[in-house]
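Heads up, the thing below is written out as structure tokens.
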Amino acid sequence: MLLTNPTVVNDIMTRYGFRFTKSLGQNFLIDSNMVKSLSDLSGADSDTAIFEVGPGIGTLTESLASRCGEIACVEIDRKLIPILNETLSRFDNIRIINDDILKTDIHDICDLFTCKRTIACANLPYYITTPTITVLLKSDRFDSVTVVIQKEAGDRLCAKPGSPDYNAFVVFINTYAEFTQSFKLPAACFMPKPNVDSVAIRFDVYKNPLVPPEKREFYFRVVRAAFTQRRKTLVNTLSTSLDTPLSKAELTQAVVECGFDEFIRGEVLEVADFYALSEKILEFCK
Ligand code: SAM
Numbered sequence: 462m463l464l465t466n467p468t469v470v471n472d473i474m475t476r477y478g479f480r481f482t483k484s485l486g487q488n489f490l491i492d493s494n495m496v497k498s499l500s501d502l503s504g505a506d507s508d509t510a511i512f513e514v515g516p517g518i519g520t521l522t523e524s525l526a527s528r529c530g531e532i533a534c535v536e537i538d539r540k541l542i543p544i545l546n547e548t549l550s551r552f553d554n555i556r557i558i559n560d561d562i563l564k565t566d567i568h569d570i571c572d573l574f575t576c577k578r579t580i581a582c583a584n585l586p587y588y589i590t591t592p593t594i595t596v597l598l599k600s601d602r603f604d605s606v607t608v609v610i611q612k613e614a615g616d617r618l619c620a621k622p623g624s625p626d627y628n629a630f631v632v633f634i635n636t637y638a639e640f641t642q643s644f645k646l647p648a649a650c651f652m653p654k655p656n657v658d659s660v661a662i663r664f665d666v667y668k669n670p671l672v673p674p675e676k677r678e679f680y681f682r683v684v685r686a687a688f689t690q691r692r693k694t695l696v697n698t699l700s701t702s703l704d705t706p707l708s709k710a711e712l713t714q715a716v717v718e719c720g721f722d723e724f725i726r727g728e729v730l731e732v733a734d735f736y737a738l739s740e741k742i743l744e745f746c747k
């Protein structure tokens, strides 16, 4: 079925009495070249299991299912489930789960995969871009995560230390994965047409992350605290926002022992800096 053809989409919508729900970020892909490019970017092959968020009417799912070993997709809108059962009926390697990606158990779903490697891929609903990327990366289940997000959101992820857009989420992303903005998807690639362009991004999850999983909890507390009051010095924001038994003088000493100026601001630190600092603070707490 040519799901990228607007006439086919309209026909399906009429037959099922389906209407787009704007608040669910329902902008379906109608550009077959972009669907192919996205599947290519994901790197899926017959040894790959794919976790897809928000299959919609199955446009991207169809392309992915034809090249991967197995695919599970989580769709919140129950009105799309009978449509997916029809549009994807010729495949026997698809599981459709009617759930909210922010509430579902990613591990339960991935535990049933039998392929060698698992990746995630999605044309994301724009209203939950950040929390969805967060749960996908945090799950530690995927070798890579390929997503379409709004171009502006993609640009913000590339923010460098010290720039206004650099924030705790950018540090979070850089802690888990290396990523590249791949290609732009003009608004005309979607139905209904959104107001802004989008971009495809692939996150390649670090196999040997600089911050090991068992160290992340305290490390991210330090990162979040450092960005709580951006205008303050790192020492000042840590002394008010990070819950430790350390005095301001001890925090200053920890910052200086990491090789930073005592008046440095948290917003200029990178992953390695935050890791060194969190380890140093822990040392001081002993
Ligand atoms: N993958 C389809 C495509 O590319 O044409 C649809 C992408 S559309 C941008 C986003 C999809 O995510 C919609 O089908 C929407 O219903 C679904 N969605 C929205 N919020 C969701 C949530 N919290 N959990 C799971 N799916 C969700």
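Mind the numbering: the sequence shown is residues 462 to 747 in the numbering used here, read in order. Ideal Cβ placement from N, Cα and C applies to all residues, glycine included. This one's a predicted model, so the numbers in the text were calculated from it and none came from an experiment.
Inset, instruction - Whole angstroms is fine: what's the gap from D472's alpha carbon to L490's? - result: Position 11 of the sequence shown, counted from the first residue, corresponds to residue 472. Position 29 of the sequence shown, counted from the first residue, corresponds to residue 490. Distance between the alpha carbons of D472 and L490: 16 Å.
Inset, instruction - Check each candidate in Y588, A638, V469 and name the one with the smallest Cα separation from I518. - result: As a working note, residue 518 is residue 57 in the sequence shown. Nearest of Y588, A638, V469 to I518, Cα basis: V469.
Legend entry - Pick from S498, K540, L563 that is closest to T475, judged by C-alpha positions: By 1-based counting over the sequence shown, the position of residue 475 is 14. Taking only the C-alpha atoms, the option nearest T475 is K540.
Legend entry - Length at least 4, wholly inside the region 615–649: the alpha helix (DSSP H) runs in chain order: 629–637
Inset, instruction - Tell me whether L485 counts as near the ligand SAM, meaning its Cβ is closer than 8 Å to at least one heavy atom of that ligand. - result: On the sequence shown, residue 485 is found 24 positions in, with the first residue counted as 1. L485: yes, Cβ under 8 Å from the ligand SAM.
Legend entry - Residue environment, L700, which counts as buried when at least 16 other CB atoms sit within 10 Å: Working through the sequence shown from its first residue, we reach residue 700 at position 239. Per the sequence presented here, residue 700 reads as Ser, with Leu not at that position. Classification for S700: buried.
Inset, instruction - To the nearest angstrom, report how far apart F640 and I567 are at their CA atoms. - result: One-based indexing of the sequence shown puts residue 640 at position 179. One-based indexing of the sequence shown puts residue 567 at position 106. So the alpha carbons of these two residues sit roughly 22 Å apart.
Legend entry - Contact test: Y587 Cβ vs the ligand SAM heavy atom, cutoff 8 Å: The residue you call residue 587 lines up with position 126 of the sequence shown. Checking the Cβ of Y587 against the ligand SAM gives yes.
Legend entry - I518 - partner residues in DSSP beta bridges: Within the sequence shown, the letter at position 57 stands for residue 518. Note: I518 sits in no beta bridge, so no partner.
Legend entry - Coil, strand or helix - N546 by DSSP: Indexing the sequence shown from 1 puts residue 546 at position 85. In the structure shown, N546 sits in a helix (DSSP, three-state: H, G or I).
Inset, instruction - Please classify V732: does DSSP put it in a helix, a strand, or coil? - result: Working through the sequence shown from its first residue, we reach residue 732 at position 271. In the structure shown, V732 sits in a helix (DSSP, three-state: H, G or I).
Legend entry - Selection from S484, P592, V683 that minimises the alpha carbon distance to L695: Here residue 695 refers to the residue found at position 234 of the sequence shown. Of S484, P592, V683, the residue nearest in Cα terms is V683.
Legend entry - Contacting residues, own chain, Cβ-Cβ under 7 Å from L485 (five flanking each side not counted): Within the sequence shown, the letter at position 24 stands for residue 485. Only I537, D538, P586 meet the Cβ criterion.
Legend entry - Whether V660 touches K676 by CB criterion (9 Å): Position 199 of the sequence shown, counted from the start, is the residue given in the question as residue 660. Position 215 of the sequence shown, counted from the start, is the residue given in the question as residue 676. No, the Cβ-Cβ distance between V660 and K676 is not below 9 Å.
Inset, instruction - Mark I542 as exposed unless 16 or more other C-beta atoms lie within 10 angstroms of its C-beta, in which case mark it buried. - result: The count along the sequence shown starts at 1 and reaches residue 542 at position 81. Label assigned to I542: exposed.
Inset, instruction - With DSSP as the reference, please indicate the residues paired to F664 in a beta bridge. - result: The residue labelled residue 664 in the question sits at position 203 within the sequence shown. BP columns for F664 point to V606, F640.
Legend entry - beta-carbon F651 near the ligand SAM non-hydrogen atom, thresh 8 Å: Indexing the sequence shown from 1 puts residue 651 at position 190. Yes, the ligand SAM has a heavy atom inside 8 Å of this Cβ.
Legend entry - Euclidean distance between Cα positions of T698 and C529: Position 237 of the sequence shown, counting from 1, holds the residue named residue 698. Position 68 of the sequence shown, counting from 1, holds the residue named residue 529. The straight-line gap from Cα to Cα measures roughly 47 Å.
Legend entry - Proximity test, P516 beta-carbon vs the ligand SAM heavy atom, cut-off 8 Å: Counting from 1 along the sequence shown, the entry for residue 516 is found at position 55. Yes.
Inset, instruction - Give the DSSP-derived three-state secondary structure of F512 in the structure shown. - result: The count along the sequence shown starts at 1 and reaches residue 512 at position 51. Looking at F512 - three-state DSSP - the assignment turns out to be strand.
Legend entry - Paired residues, beta bridge with T575 - DSSP: Within the sequence shown, residue 575 is the residue found at index 114, counting from 1. Per DSSP, none; premise fails for T575.
Inset, instruction - Over the uninterrupted beta strand (DSSP E) stretch that includes E536, give me the two end residues. - result: As a first step, residue 536 must be located in the sequence shown, where it is residue number 75. Unbroken beta strand (DSSP E) run through E536: 531–536.
Inset, instruction - Give the DSSP-derived three-state secondary structure of S708 in the structure shown. - result: Along the sequence shown, read from residue 1 onward, the residue named residue 708 stands at position 247. The answer is coil: DSSP assigns S708 none of H, G, I, E or B.
Legend entry - Distance CB(F664)-CB(C571) smaller than 9 Å: Stepping through the sequence shown from its first residue, residue 664 is reached at position 203. Stepping through the sequence shown from its first residue, residue 571 is reached at position 110. Cβ distance not < 9 Å, so F664 and C571 don't count as in contact.
Legend entry - N584 Cβ short of 8 Å to the ligand SAM heavy atom set: Mapped onto the sequence shown, residue 584 falls at position 123. N584: yes, Cβ under 8 Å from the ligand SAM.
Legend entry - alpha helix (DSSP H) segment containing R556, residue limits: In the sequence shown, the residue the question calls residue 556 occupies position 95. It is not in any alpha helix (DSSP H) - R556 instead sits in the beta strand (DSSP E) that spans 555–559.
Legend entry - Helix, strand or coil at A526 [DSSP, three-state]: Taking the sequence shown and counting its residues from 1, one reaches residue 526 at position 65. In this structure, A526 counts as helix in the three-state DSSP scheme.
Inset, instruction - Spell out whether any CB of chain C is found under 9 Å from the CB atom of L502. - result: Among the chains of the structure shown, chain C does not appear; only one protein chain is present.
Inset, instruction - Counting only the same chain and skipping the five closest in sequence on each side, list residues whose C-beta sits under 6 Å from that of A581. - result: For the purposes of this step, residue 581 is identified with residue 120 of the sequence shown, where counting begins at 1. Excluding sequence neighbours, A581 sits near F512, L597, F603, V606.
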